[in-house]
Amino acid sequence: MDFEATLSQLGQNGFLIALAIIILVVLFKGVRIVPQSEKFVVERFGRLKSVLGPGLNFIVPFLDRVRHRVSVLERQLPTNSQDAITSDNVLVKVDTSVFYRITEPAKTVYRIRDVDAAISTTVAGIVRAEIGQMELDEVQSNRSELINAIKSAIEVAVDDWGVEVTRAELLDVNLDRATQDAMLQQLNAERARRAQVTEAEGYKRAVELNADAELYSAEQAAKARRVQADAEAYATGVVARAIAKNGVEAAQYQVALKQVEALTALGGGEGKQTILVPSNAMDAFSDAFKMLKGSK
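Per our numbering, residue -3 is the first one in the sequence shown, and the count goes up by one each step.
1) Are the beta-carbon atoms of Leu87 and Asp177 separated by less than 8 Å?
2) Can you give me the C-alpha to C-alpha distance between Glu228 and Arg221, rounded to a whole angstrom?
3) Less than 8 Å separating the beta-carbons of Val56 and Pro101?
4) Decide yes or no for the touch test of the segment 39 to 51 against the segment 75 to 86: beta carbon pairs closer than 8 Å, at least 3 of them.
5) So what does Gly51 bridge to, in DSSP terms?
6) Out of Val152, Glu131 and Gly198, which one is the CA nearest neighbour of Val169?
7) Go through its chain and collect everything with a Cβ distance to Ser291's Cβ below 6 Å, but skip five positions before and after it.
8) Report yes if the C-beta of Asn206 is less than 7 Å from at least one heavy atom of the ligand NAD; otherwise report no.
9) Taking buried to mean at least 16 other C-beta atoms within 10 Å of its own C-beta, is Leu166 buried or exposed?
10) Nearest to Thr75 by CA position, among Thr104, Asn9, Val94 and Glu204, is which residue?
11) Which residues in the same chain have their Cβ closer than 8 Å to the Cβ of Glu70, if we skip the five residues on either side of it in sequence?
12) Would you say the segment 140 to 150 touches the segment 103 to 114, given that touching needs at least three Cβ pairs under 8 Å?
13) Using a 10 Å radius around the Cβ and a threshold of 16 neighbouring Cβ atoms, would you call Asp208 buried or exposed?
14) At which residues does the beta strand (DSSP E) containing Glu70 begin and terminate?
15) Under 8 Å between the Cβ atoms of Arg61 and Glu39?
16) Over the uninterrupted beta strand (DSSP E) stretch that includes Ser93, give me the two end residues.
17) Please determine, among Ala125, Val159 and Phe36, the residue with the shortest C-alpha to C-alpha distance to Asn53.
18) Let's see if you can read the secondary structure: which residues bound the alpha helix (DSSP H) around Asn144?
19) If we count the other Cβ atoms within 10 Å of its Cβ and call it buried at 16 or more, is Val22 buried or exposed?
20) Can Val135 and Thr92 be called in contact, C-beta distance under 8 Å?
21) Quick one: grab the DSSP three-state call for Phe36.
22) Grab me the residues of Ala231's own chain with a C-beta within less than 6 Å of its C-beta, minus the 5 sequence neighbours each way, in chain order.
23) Would you decide whether Thr104 is buried or exposed? Buried here means 16 or more other CB atoms lie within 10 Å of its CB.
24) Could you give the DSSP three-state label for Glu131: helix, strand or coil?
25) Distance check for Gln216 and Val223, CA to CA, integer angstroms please.
26) By how many angstroms is the C-alpha of Trp157 removed from the C-alpha of Arg190?
27) Could you check whether Val123 and Val90 sit closer than 8 Å to each other, using their CB atoms as the reference points?
28) Buried or exposed, going by whether 16 or more other CB atoms sit within 10 Å of the CB of Glu294?
29) Which stretch, first to last residue, makes up the alpha helix (DSSP H) that contains Thr162?
30) Run the CB neighbour count on Leu59, radius 10 Å, all protein chains shown included, and call it buried at 16 or more, exposed below.
Set out below in structure tokens:
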């Protein structure tokens, strides 16, 4: 009896243990904890069932299966170099880099086998097409516009793959040696032309300033002559009015006064040891004093 009871007890315990194991397996199979940086693609009998987001999720054990674990972090494709020909027939080598992230894992998993290779191929074709519409100078000077055009074209091309292109970079545009030498010669010629233009403009400006200076000098000289003429006219008028008022004596007095001033200036000059005086010089002084005395 004791043996049979022991077997019965062991049987019950084994059943409980098996039930516990089954429950643990069911829980293990039915509970999925998804990290914040990933999404899980769940299939049921080989067909898409759902996409699990970050956090605690439940699936049907033994029926549902996590088929793909997709990272939603931003990714960077390796730097890609490809040749392109501009609209003015210049061969350039372009280095590009693309950043993207997966937004719809179901599309990425079931519509494209290798998303990185597909994006790289798409970028190469778009870069060649965009550069083929531009001249070399435009590629060099309008790089930001070219990058925006490439990014927009890539976004349209990869929309069906559940991918979002966050950034596209045009790292470098390289030229062959012959093109570089030709561009250097063109640059030197342009610099020489600018130097000649600058020199010609400077000479032209100097001539204009010199002409302006001569014109200003002539204007000032004319103004001075005008003022001097006005002064002489005024003095002549004063003398004429004095003559009209006082008669010939006023004119004689003025002439005698000028003679006295001339003799005084002659005697006051430097280095004058010998002075030649006209014979009637003293008469000029006498006449001047007489006229002055008579006028009083």
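Every residue, glycine too, gets a C-beta built ideally from N, C-alpha and C. Please read these numbers as outputs of a predicted model, since none were measured by experiment.
The structure says:
1) As a working mapping, residue 87 is identified with position 91 in the sequence shown. As a working mapping, residue 177 is identified with position 181 in the sequence shown. The answer is no: Cβ separation not under 8 Å.
2) Taking the first residue of the sequence shown as 1, we reach residue 228 at position 232. Taking the first residue of the sequence shown as 1, we reach residue 221 at position 225. Answer to the nearest angstrom: the Cα atoms are 10 Å apart.
3) Residue numbering aside, residue 56 sits at position 60 when the sequence shown is read from its first letter. Residue numbering aside, residue 101 sits at position 105 when the sequence shown is read from its first letter. No; because the gap between Cβ atoms is not below 8 Å, this pair is not in contact.
4) no
5) Reading the sequence shown from its first residue, position 55 is the one you call residue 51. Gly51 is bridged by DSSP to Val30.
6) Position 173 of the sequence shown, counting from 1, holds the residue named residue 169. The shortest C-alpha separation from Val169 is found at Glu131.
7) By one-based count along the sequence shown, residue 291 stands at place 295. Here Ser291 scores only 49 on pLDDT, less than 50, and its place in the model is too uncertain to base an answer on.
8) Ligands in the displayed structure: none, and consequently the ligand NAD is not present.
9) Indexing the sequence shown from 1 puts residue 166 at position 170. Burial call: buried.
10) As a first step, residue 75 must be located in the sequence shown, where it is residue number 79. Closest option to Thr75, Cα to Cα, is Val94.
11) Taking the sequence shown and counting its residues from 1, one reaches residue 70 at position 74. So the list reads Phe95, Tyr96, Arg97 and Thr162, once near-sequence residues are dropped.
12) Contact between the segment 140 to 150 and the segment 103 to 114 is absent, because fewer than three Cβ pairs lie under 8 Å.
13) Along the sequence shown, one-based indexing puts residue 208 at 212. Flag for Asp208 reads exposed.
14) As a working note, residue 70 is residue 74 in the sequence shown. Here Glu70 belongs to no beta strand (DSSP E), and DSSP marks it neither H nor E.
15) As a working mapping, residue 61 is identified with position 65 in the sequence shown. As a working mapping, residue 39 is identified with position 43 in the sequence shown. Yes.
16) Against the sequence shown, residue 93 aligns to sequence position 97. It spans Leu87 to Ile98 - the beta strand (DSSP E) in which Ser93 sits, taken as one unbroken run.
17) Locating residue 53 in the sequence shown gives position 57, where the first residue counts as 1. Ranking Ala125, Val159 and Phe36 by CA distance to the CA of Asn53 puts Phe36 first.
18) Sequence index remark: in the sequence shown, residue 144 carries index 148 (1-based). Taken as a continuous stretch (DSSP letters only), the alpha helix (DSSP H) holding Asn144 covers Arg139 to Ala153.
19) Translated into positions along the sequence shown, residue 22 becomes position 26. So Val22 ends up on the exposed side.
20) Within the sequence shown, numbered from 1, the residue matching residue 135 stands at position 139. Within the sequence shown, numbered from 1, the residue matching residue 92 stands at position 96. No, they are not a contact pair.
21) By one-based count along the sequence shown, residue 36 stands at place 40. Here Phe36 sits in strand by DSSP.
22) One-based indexing of the sequence shown puts residue 231 at position 235. So the list is empty, once near-sequence residues are dropped.
23) Within the sequence shown, the letter at position 108 stands for residue 104. Result: buried.
24) As a working mapping, residue 131 is identified with position 135 in the sequence shown. Coil.
25) Your numbering for residue 223 matches position 227 in the sequence shown. Your numbering for residue 216 matches position 220 in the sequence shown. Distance between the alpha carbons of Val223 and Gln216 is about 10 Å.
26) Numbered from its first residue, the sequence shown carries residue 190 at position 194. Numbered from its first residue, the sequence shown carries residue 157 at position 161. Approximately 53 Å, taken between the alpha carbons.
27) Counting from 1 along the sequence shown, the entry for residue 90 is found at position 94. Counting from 1 along the sequence shown, the entry for residue 123 is found at position 127. A contact, by the Cβ cut-off of 8 Å.
28) Coverage of the chain is limited to positions -3 through 292, which leaves residue 294 absent and any answer about it impossible.
29) Residue 162 sits at position 166 when you count from the first residue of the sequence shown. Note, Thr162: premise wrong, no alpha helix (DSSP H); beta strand (DSSP E) at Val159 to Leu171.
30) Start at 1 with the first residue of the sequence shown, and residue 59 comes out as number 63. Exposed.
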